[in-house]
Structures are given as C-alpha cells and as structure tokens.
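Chemist: Residue numbers (our numbering), protein chains in the order written: chain A, 55 to 339; chain B, 7 to 227. All C-beta atoms, glycine included, are put in the ideal place defined by N, C-alpha and C.
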Amino acid sequence: MTSRREFITHVSGAAAGAGLVLAQGEPAAAQQPPAAAAPGKSKLDEVRARGKVIVGVTSEAPPFGFVDDKGELVGFDIDVAKLIAKGIFGDEGKIELFKQGFAARWPNTQNGSIDFGIMVTTIYADRALQVAFTRPYIDSGIVVVVKRDSPVKTIADLNKADHTVAHLTAPVQEERGKRLYPSAKFLTFDAISAQFNAVKLGRATAAQLDAPVALYYLKDNPDMRILDEWLTDVTGNSIFLRPDDFKWWLFLDTVVAEMLGGSLYSPYKALYQKWFGKEPPRARA
Amino acid sequence: MDYLAQTFHLLRALFPRLVEGFGVTIGVGISAMALALAGSLLLLAPRMAKSRLIRMPVESYIELMRNTPLLLQIYLIYFGLPLLGFFPSEFLCGVVGIALQHTAFLVEILRGGIESISRRQWEAASAIGMRRLATFQYVILPQAFLRVMGPLGNQLIILVKDTSLVSAIGVMELTMVGKMAIERSAVSIEIFMAIAVFYLALTTLLGVVLRLIEQRTAARL
Numbered sequence: 055m056t057s058r059r060e061f062i063t064h065v066s067g068a069a070a071g072a073g074l075v076l077a078q079g080e081p082a083a084a085q086q087p088p089a090a091a092a093p094g095k096s097k098l099d100e101v102r103a104r105g106k107v108i109v110g111v112t113s114e115a116p117p118f119g120f121v122d123d124k125g126e127l128v129g130f131d132i133d134v135a136k137l138i139a140k141g142i143f144g145d146e147g148k149i150e151l152f153k154q155g156f157a158a159r160w161p162n163t164q165n166g167s168i169d170f171g172i173m174v175t176t177i178y179a180d181r182a183l184q185v186a187f188t189r190p191y192i193d194s195g196i197v198v199v200v201k202r203d204s205p206v207k208t209i210a211d212l213n214k215a216d217h218t219v220a221h222l223t224a225p226v227q228e229e230r231g232k233r234l235y236p237s238a239k240f241l242t243f244d245a246i247s248a249q250f251n252a253v254k255l256g257r258a259t260a261a262q263l264d265a266p267v268a269l270y271y272l273k274d275n276p277d278m279r280i281l282d283e284w285l286t287d288v289t290g291n292s293i294f295l296r297p298d299d300f301k302w303w304l305f306l307d308t309v310v311a312e313m314l315g316g317s318l319y320s321p322y323k324a325l326y327q328k329w330f331g332k333e334p335p336r337a338r339a
Numbered sequence: 007m008d009y010l011a012q013t014f015h016l017l018r019a020l021f022p023r024l025v026e027g028f029g030v031t032i033g034v035g036i037s038a039m040a041l042a043l044a045g046s047l048l049l050l051a052p053r054m055a056k057s058r059l060i061r062m063p064v065e066s067y068i069e070l071m072r073n074t075p076l077l078l079q080i081y082l083i084y085f086g087l088p089l090l091g092f093f094p095s096e097f098l099c100g101v102v103g104i105a106l107q108h109t110a111f112l113v114e115i116l117r118g119g120i121e122s123i124s125r126r127q128w129e130a131a132s133a134i135g136m137r138r139l140a141t142f143q144y145v146i147l148p149q150a151f152l153r154v155m156g157p158l159g160n161q162l163i164i165l166v167k168d169t170s171l172v173s174a175i176g177v178m179e180l181t182m183v184g185k186m187a188i189e190r191s192a193v194s195i196e197i198f199m200a201i202a203v204f205y206l207a208l209t210t211l212l213g214v215v216l217r218l219i220e221q222r223t224a225a226r227l
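1) For the region 165 to 182 of chain B, which residues have a beta carbon sitting closer than 8 Å to at least one beta carbon of chain A?
2) Check this for me: beta carbons of residue 28 of chain B and residue 204 of chain B, under 7 Å apart or not?
3) Could you compute how far the alpha carbon of residue 128 of chain B sits from the alpha carbon of residue 140 of chain B?
4) Check the DSSP bridge columns for residue 278 of chain A and list the partner residues they point to.
5) Using a Cβ cut-off of 7 Å (strictly closer), state whether residue 89 of chain A contacts chain B.
6) Which partner residues of residue 262 of chain A appear in the DSSP bridge assignment?
7) Output the distance between the C-alpha atoms of residue 76 of chain B and residue 184 of chain A, rounded to the nearest integer angstrom.
8) In chain B, what lies closer than 9 Å to residue 160 of chain A by C-beta?
9) Mind reading off the beta-carbon distance from residue 231 of chain A to residue 243 of chain A? Whole number of angstroms is fine, and I expect it under 8 Å.
10) Just checking, does the region 40 to 60 of chain B make contact with the region 111 to 127 of chain B on the three C-beta pairs under 8 Å criterion?
11) DSSP has residue 228 of chain A in a bridge; who is on the other side?
12) Buried or exposed for residue 170 of chain B, please, with buried defined as at least 16 other CB atoms from any protein chain shown within 10 angstroms of its CB.
13) Are there three or more Cβ pairs, one per stretch, closer than 8 Å when the region 83 to 93 of chain B is compared with the region 243 to 259 of chain A?
14) Taking residue 116 of chain B as the query, report the chain A residues whose CB atoms sit under 7 Å from its CB, ordered along the chain.
15) Taking C-alpha atoms, which residue in B:25, B:191 and B:162 lies nearest to residue 417 of chain A?
16) Less than 7 Å between the C-beta atoms of residue 157 of chain A and residue 220 of chain B, yes or no?
17) State yes or no: is the C-beta of residue 196 of chain A within less than 7 Å of the C-beta of residue 115 of chain A?
18) Helix, strand or coil for residue 84 of chain A? Go by DSSP, reduced to three states.
19) Anyone know if the C-beta pair for residue 228 of chain A and residue 221 of chain A falls short of 7 Å?
20) Kindly list, in the order they appear in chain B, the residues whose Cβ is closer than 7 Å to that of residue 154 of chain A.
21) As an exercise, report each continuous alpha helix (DSSP H) stretch of at least 4 residues that is fully enclosed by the region 86 to 134 of chain B, in chain order.
22) Checking contacts by CB at 7 Å: is residue 223 of chain A closer than that to chain B?
23) Look at residue 36 of chain A and residue 169 of chain A and say whether their C-beta atoms are less than 7 Å apart.
24) Secondary structure at residue 291 of chain A, three-state DSSP: helix, strand or coil?
25) Run through chain C and tell me which residues come within less than 7 Å of residue 243 of chain A, C-beta to C-beta.
26) Use the C-beta contact count for residue 208 of chain A: other C-beta atoms within 10 angstroms, 16 or more gives buried, fewer gives exposed.
27) From the DSSP output, read off the bridge partner residues of residue 239 of chain A.
28) Residue 176 of chain A bridges to which residues according to DSSP?
Next comes the structure, spelled out in structure tokens:
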C-alpha cells in the first residue's frame, strides 16, 4: 500500500530527478535523493543525535499541561515527558516543549514536527489507525460538569430540548451525546477552557470533560459540580507518535511500562501524588 | 495509486458536510458584509463632520475596533453578553463581531477615497454654481467610488477569510467542519487543502464581481 509519505517522496523524487536530468546528464547513481534512506531512520536515532527531544503538549488542560502563576508551562503530562527525556539523556532539561492545539496534534505527529505527543489523549481505535500509541500512562474517563445549582442530576436529565451541552471538537463526544441525550442542543469548541466557560457563563447546561481536568477546574470553581454518573468506563491516556517507527515506539512503550511498575515507578508515583494528591490506582508497586 | 484513491474516497465522503459548512460560511460572510457596509455608510458622515464633538465618538470607536484582535472581540461578545443577561446565538455573535470590526476599516477606506479627490474640484464646481450636495453626488462620489473599489475589495476579501474565526465560538462553518473531520480521521493536510479550495472559490468569485462593478462604473464616467 502506498502511504502519503511514500507518495510525496516519489513525486518530489521524480520531480527533482527530472530537474537534474534536464540540467545535466550526470550518472544516475549520484542522483539518488537522500529521502530514499529516510524511512529506515528512527526518531530515536534522530533525537539522540539532536541532543534534545521535541514533545507536543497542551497548555490548556490543567493539571496535565497549563501555564502556572509564574508563567511556566507545567503539569502531569509535562513532568512525564521530562521523565522520558531523563530516560534518554539522563537529563530532564534536554527537552523542547512544543505547544499545540488539539486538532494540530495529528498533523504535527505525522509530519515529524514533534517526536512524540503527550496531551490528555485518549486511545480510540480509529485514532490508532493514524498514529501509534504506547500503553496508557494514566487512567481517565469522561465526566459531565454542570453548575452547582443546576436541576440536572443524571445524564438522562440532559435529554431535553432546552438543554445545551458543550463538546470538544473530538467527534467521540458528539457521538456520545447523540447516543445519550439526543434531544439536547450541542455546542462545539476547540478549547477545553471555552467548553468549561460556556457552562460557567450560562451558554451551556453541561460539558463533557476528562475526569482529572474536571477535578482540577472544580478546585477553583466551587459554583460547579460533577455528575455522579460518568459518561464512560475508565479509558486510557496515552503517548502518541508516528505509526511507522517501531524502534521509537518500543523505547517509549518500555519507558511507560517501567513507570507503571518497574524501575521508574518511584518517580512516577511522586509525580502522580504531586498532581493528584493520591497514589496511582492501578500501578504495580 | 492507493494514496490518491484513499484521499479521494475520504474527501468524497466528507464533501456533503463541507458543503454544509460552506453554506454557513457564506451566510456569516454575506450577513457580516451587509452589516459592515451599512454601518460604514452610517458612520461616514459623522466621521467626516467638521464638529469635533460629533467626530470624536466615531473616531474612538474606529480606534478601539481597529486596534484589538477580532478573535478577542468575538470571545468578548459571545462570553461577555451572558453576564449582562443576553444570550444571542453563536451565529449572531460571530456576525456582529466581524461586522463591528470591519465597519471601522470600511469607514476609513471610504473617507480616504472621498478626501483623495482634489479640493479644487469642489472649488471648480462651486465656481460654476453647483451646490455642495450636487457636487458631492455628481462630481466627487463617482470618482471616489472608483478609487475605493480596490481597497474595498481587499477589505471584503479579508472579511470573508475572517469568518473562519467564528469557529472559536462553535459556529459550524467550513473551518469548524474541517477541524472536526481532522479530529475524526487524523488526516490533516488533505482536508486543510480541500477547505482552502472552498475559500479560494469564494474569494475569487467575490474578486470577479467587484472587478465587474469597477469596470461598469469606470465605463459610465
């Protein structure tokens, strides 16, 4: 099967080749475009040669990735990324944090702008067709946030025409909405903060949020609450990378496995406690 | 080729939703354009008034609107009005946001066009006994109109492209439809390019219409 990468390589290679032939009749062997060797080269080698790892993160989803009072980009995902940098270089400072929007994470992964991404990303089968995922580094799930004084008690209560629910551009949220509260009106935003504000300012009755994000927002917003009933079973947040790079995937997946129950469990546990105030629930001690 | 076939298949499946989004984009664009043009004509006289008292509020409005980002204004309208107890739809908020800012630019373009016509023409018209209003209508306006057509066209094309900003408040226009499709499929460049073609078609059409108007006006002079 021809992938996009191969397609572009072929087309640009052919164009460059034609140009060279037109310009001068050099031996064909000298004209092999260097791109032909590229698919064999792993990001792992590239990262080690570069001396730092470029990680796609969000700055819009506390406590996973956000800008703190001092103006620094911090969060659980950021700390996990630093732990990985430490695993590669022995130095957690050899990292470049690449802030990106949620829609931009896929093209940036595919075109190699980032080495890997770690930004509250749930594994879904259709996403796994386009990017590779490591095993999940943290459990998550989707909850519904409403105003404290809202009459809505259950998810079924939302299924009325006079209710509006704020979704993120992720289509899974809309599909869940169509299944669970088809009569409600939907609103879609491309930022989690906009989704939350829509509820806070009365634009929407409720919003679907990742559980840890919702918990974090609620600390500063006592006028909001989370419905007891969750929208999903436990899902997994995972690190994503280009799908055609086994060596790089194997490295990252190994690091995650070690964090959950191996040589990196102690630093991982410390991070988990720092951001969530409790021990990781499912990790092997 | 597999890649081409896949892309074609994806875009063909996506096409009806893109067209739907394109319809909303056109709706936002035309509504905002009409509002902005009407607004600028309304503000033109006070903007050019001799009295500072009349000019000041319009000038402040123009400075305020020109010098703050459109995205910010749209957010303020959409999330700010609920604090005052108003809940206009996201479509309306987007249209009004775009129109408010582009009105400011259009007023300045129109004013520039009129002021670019030499004062001597006013004097000459007065010398042959024309009244001020007649001078404006028959001498100044047709020439000014021709001069502003270029910058006016630019501004309207910018307006059309600015409609993509209303995706931030959840209007399901072309860019938003594209963003959602990218989230779904994780196919990005191809969808972005398809969207660009839609915008290009719209702005090209607009450009052609504006040039036609320009030519007709020029022929009548």
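Modeler: Concretely, from the data shown:
1) 173, 174, 175, 176, 178 and 182
2) Walking along the second sequence from the start, residue 28 of chain B turns up at place 22. Walking along the second sequence from the start, residue 204 of chain B turns up at place 198. Yes. Within cutoff.
3) Position 122 of the second sequence, counting from 1, holds the residue named residue 128 of chain B. Position 134 of the second sequence, counting from 1, holds the residue named residue 140 of chain B. Cα to Cα, residue 128 of chain B sits roughly 10 Å from residue 140 of chain B.
4) Looking up residue 278 of chain A in the first sequence gives position 224. Residue 278 of chain A pairs with A:201.
5) Numbered from 1 along the first sequence, position 35 holds the residue referred to as residue 89 of chain A. Residue placement at residue 89 of chain A is flagged as unreliable, the pLDDT there being 41, under the threshold of 50; a coordinate-derived value is accordingly withheld.
6) The residue labelled residue 262 of chain A in the question sits at position 208 within the first sequence. Looking at the DSSP assignment, residue 262 of chain A forms a beta bridge with A:198.
7) Counted from its first residue, the second sequence places residue 76 of chain B at position 70. Counted from its first residue, the first sequence places residue 184 of chain A at position 130. If you take the alpha carbons of residue 76 of chain B and residue 184 of chain A, they lie about 34 Å apart.
8) Within the first sequence, numbered from 1, the residue matching residue 160 of chain A stands at position 106. Those are 188, 189, 191, 192, 193 and 194, listed as they occur along chain B.
9) Taking the first residue of the first sequence as 1, we reach residue 231 of chain A at position 177. Taking the first residue of the first sequence as 1, we reach residue 243 of chain A at position 189. The Cβ separation is near 13 Å, so there is no contact.
10) yes
11) On the first sequence, position 174 is the one that residue 228 of chain A refers to. Checking the DSSP bridge columns, you'll see residue 228 of chain A has no partner listed.
12) What you label residue 170 of chain B is simply residue 164 of the second sequence in a count that begins at 1. Residue 170 of chain B is buried by the Cβ-count criterion.
13) yes
14) Here the question's residue 116 of chain B lines up with position 110 in the second sequence. Those within 7 Å of residue 116 of chain B in chain A number zero; the least Cβ separation is about 35 Å.
15) The requested residue 417 of chain A is not part of the displayed model; chain A covers only 55 to 339.
16) Numbered from 1 along the first sequence, position 103 holds the residue referred to as residue 157 of chain A. Numbered from 1 along the second sequence, position 214 holds the residue referred to as residue 220 of chain B. No, Cβ-Cβ distance for residue 157 of chain A and residue 220 of chain B is not below 7 Å.
17) Your numbering for residue 196 of chain A matches position 142 in the first sequence. Your numbering for residue 115 of chain A matches position 61 in the first sequence. The answer is no: Cβ separation not under 7 Å.
18) Numbered from 1 along the first sequence, position 30 holds the residue referred to as residue 84 of chain A. For residue 84 of chain A, the pLDDT reaches just 40, beneath the cut-off of 50, and the residue's location in the model is therefore unreliable, although a value from the coordinates is still provided. Looking at residue 84 of chain A - three-state DSSP - the assignment turns out to be helix.
19) As a working mapping, residue 228 of chain A is identified with position 174 in the first sequence. As a working mapping, residue 221 of chain A is identified with position 167 in the first sequence. Going by C-beta atoms, residue 228 of chain A is nearer than 7 Å to residue 221 of chain A.
20) Position 100 of the first sequence holds residue 154 of chain A. Per Cβ cutoff of 7 Å: no residues; residue 154 of chain A is ~12 Å from chain B at best.
21) 96 to 121 and 125 to 133
22) Residue 223 of chain A sits at position 169 when you count from the first residue of the first sequence. For residue 223 of chain A, the answer is yes, since a Cβ of chain B falls inside 7 Å of its Cβ.
23) Any question about residue 36 of chain A goes unanswered here, given that chain A covers just 55 to 339.
24) Walking along the first sequence from the start, residue 291 of chain A turns up at place 237. Reduced to three states, the DSSP call for residue 291 of chain A is strand.
25) Although the question refers to chain C, the structure presented lacks it and instead comprises the protein chains A and B.
26) Residue 208 of chain A sits at position 154 when you count from the first residue of the first sequence. Exposed, by the Cβ-count rule.
27) Indexing the first sequence from 1 puts residue 239 of chain A at position 185. Per DSSP, A:218.
28) Residue numbering aside, residue 176 of chain A sits at position 122 when the first sequence is read from its first letter. DSSP output for residue 176 of chain A lists A:291 as bridge partner(s).
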